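Colleague: Please find one structure pasted underneath; my questions will follow.
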Amino acid sequence: MRTWNEISYEIQRVISNTPIAPGAYILKFKKNSTFIAGQALALGISEDIEPRYYSIASGENDDEISILYTEKPDGKFTRILSLLKPGDNLMVSKPFGKFTQLSPFPVFIAAGTGIAPFMSMLLSGKAKGAVVIHGASYPDYFYYSEILLNTLGENYIRCCSRCQPGSFYVGRVTDYIKQWSGLNINRPYYLCGSTEMVVETRDILISRGVPISSINSEIYF
Ligand SMILES: Cc1cc2nc3c(=O)[nH]c(=O)nc-3n(C[C@H](O)[C@H](O)[C@H](O)COP(=O)(O)OP(=O)(O)OC[C@H]3O[C@@H](n4cnc5c(N)ncnc54)[C@H](O)[C@@H]3O)c2cc1C
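So for the sequence shown, the working numbering puts the first residue at 904; every next one is plus one.
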């Protein structure tokens, strides 16, 4: 283990770095440490660029770690990350984080790549009876939708902000939660996405009667 900006890391080889939608990728490398679904790790490409944090999207028992990420147009890190090829070096920290305490019958609410920790929980068999509400701008960005549809059926709700009426709820996740007739104040809620999405969703849940102690969140800052 070496240290960089006080984070211990090891060098791993990229197994694959596959585009799955415009500007979105799944990066895979070998699992060298155990982790708990919901945890994240820090990735680096060189010691000149600060590490960035990514949720683990794969299951606890998989041999490989999967990371779902989007390339930020002006991003210093993801523009380089997206160019990595199989066999290239990657700096990888130990898994960390406490977004791991799951209660039964969870409601997962995610925007964009915020679906990643919930995929890990589902693929680890830890989220029985879950409802997933996922927000995206276009259908291409409903990552893992095939698995989610097959696993959850009508408990998988897609909110598409820029779609025409059809297969999805048209609007943002927050619009959906405001009018969701299935909202149950006794279930535990787990939110993951940008600060704005998490704060707005939390406030709507509270205004609809969900106790704050039942709301857990992971913010991608
Ligand atoms: C716990 C956690 C989990 C996350 N999981 C995911 C995920 O699964 N998928 C995903 O796509 N994104 C995830 N993110 C966001 C991710 O860490 C990056 O912020 C994102 O990929 C930005 O890309 P970029 O570095 O190219 O953009 P940039 O615009 O270069 O940077 C974006 C952000 O990185 C940080 N940053 C930039 N420069 C520096 C610097 N010099 N020093 C320190 N920090 C700096 C800042 O927070 C900045 O707002 C997660 C964030 C957190 C906190």
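For every residue, glycine included, the Cβ atom is placed at its ideal position computed from N, Cα and C.
Computed from a predicted structure; not experimentally measured.
1. Using three-state DSSP, classify Glu-909 as helix, strand or coil.
2. Can you grab the Cα-Cα spacing for the pair Pro-1114 / Ile-1050, in whole Å?
3. What I want to know is whether the C-beta of Arg-955 ends up closer than 8 Å to one or more non-hydrogen atoms of ligand 1.
4. Just how far apart, CA to CA, sit Leu-993 and Ile-914?
5. Using beta-carbon positions only, say whether Ser-1084 and Arg-1105 come within less than 9 Å of one another.
6. CB of Gly-1000 to nearest heavy atom of ligand 1: below 8 Å?
7. Buried or exposed: which applies to Ile-1088, given that a residue is buried once 16 or more other Cβ atoms fall within 10 Å of its Cβ?
8. Does the beta-carbon of Asp-965, which I'm using as the reference point, lie nearer than 8 Å to any heavy atom of ligand 1?
9. How big is the Cα-Cα spacing for Arg-1090 and Leu-930?
10. Measure the beta-carbon distance from Thr-973 to Gly-926 and round it to whole angstroms, keeping in mind my assumption that it falls under 8 Å.
11. Could you tell me the distance, in whole angstroms, from the CA atom of Tyr-1046 to the CA atom of Leu-1094?
12. One question on the structure: do Ser-1006 and Gly-1038 come within less than 9 Å of each other, judged by their Cβ atoms?
13. Report the rounded CA-to-CA distance for Ile-959 versus Phe-1071, giving the unit in angstroms.
14. Taking 8 Å as the line, does the beta carbon of Asp-977 fall inside it for any heavy atom of ligand 1?
15. Assign Asn-964 to buried or exposed, taking buried as 16 or more other Cβ atoms, counted over all protein chains shown, within 10 Å of its Cβ.
16. Cβ of Ala-1033 less than 9 Å from any chain D Cβ?
Modeller: Considering the structure as presented:
1. Numbered from its first residue, the sequence shown carries residue 909 at position 6. Coil.
2. Residue 1114 sits at position 211 when you count from the first residue of the sequence shown. Residue 1050 sits at position 147 when you count from the first residue of the sequence shown. Approximately 31 Å, taken between the alpha carbons.
3. To locate residue 955, count along the sequence shown from 1; it is residue 52. Checking the Cβ of Arg-955 against ligand 1 gives yes.
4. In the sequence shown, the residue the question calls residue 993 occupies position 90. In the sequence shown, the residue the question calls residue 914 occupies position 11. Approximately 6 Å, taken between the alpha carbons.
5. As a first step, residue 1084 must be located in the sequence shown, where it is residue number 181. As a first step, residue 1105 must be located in the sequence shown, where it is residue number 202. Taking 9 Å as the Cβ cut-off, Ser-1084 and Arg-1105 do not qualify as a contacting pair.
6. By 1-based counting over the sequence shown, the position of residue 1000 is 97. Correct: Gly-1000 has its Cβ closer than 8 Å to ligand 1.
7. Translated into positions along the sequence shown, residue 1088 becomes position 185. Looking at its Cβ environment, which holds fewer than 16 other Cβ atoms inside 10 Å, Ile-1088 is exposed.
8. Position 62 of the sequence shown, counted from the start, is the residue given in the question as residue 965. No - ligand 1 has no heavy atom lying nearer than 8 Å to the Cβ of Asp-965.
9. Residue mapping note: residue 1090 aligns to position 187 of the sequence shown, counting from 1. Residue mapping note: residue 930 aligns to position 27 of the sequence shown, counting from 1. Arg-1090 and Leu-930: Cα-Cα distance of roughly 33 Å.
10. For the purposes of this step, residue 973 is taken as residue 70 along the sequence shown, with counting starting at 1. For the purposes of this step, residue 926 is taken as residue 23 along the sequence shown, with counting starting at 1. Contact between Thr-973 and Gly-926 holds, since their C-beta atoms are separated by about 5 Å, short of 8 Å.
11. Within the sequence shown, the letter at position 143 stands for residue 1046. Within the sequence shown, the letter at position 191 stands for residue 1094. Rounded to whole angstroms, Tyr-1046 to Leu-1094 spans 16 Å at the Cα level.
12. As a first step, residue 1006 must be located in the sequence shown, where it is residue number 103. As a first step, residue 1038 must be located in the sequence shown, where it is residue number 135. For the 9 Å CB-CB criterion, Ser-1006 and Gly-1038 do not form a contact.
13. Taking the first residue of the sequence shown as position 1, residue 959 is located at position 56. Taking the first residue of the sequence shown as position 1, residue 1071 is located at position 168. So the two alpha carbons sit approximately 27 Å from each other.
14. Residue mapping note: residue 977 aligns to position 74 of the sequence shown, counting from 1. For Asp-977, the Cβ falls inside the 8 Å cut-off from some heavy atom of ligand 1.
15. As a first step, residue 964 is located in the sequence shown; it is residue number 61 there, counting from the start. For Asn-964, the number of other beta carbons within 10 angstroms of its own is below 16, and it is reported as exposed.
16. Going by chain labels, chain D is absent from the structure shown, which holds only one protein chain.
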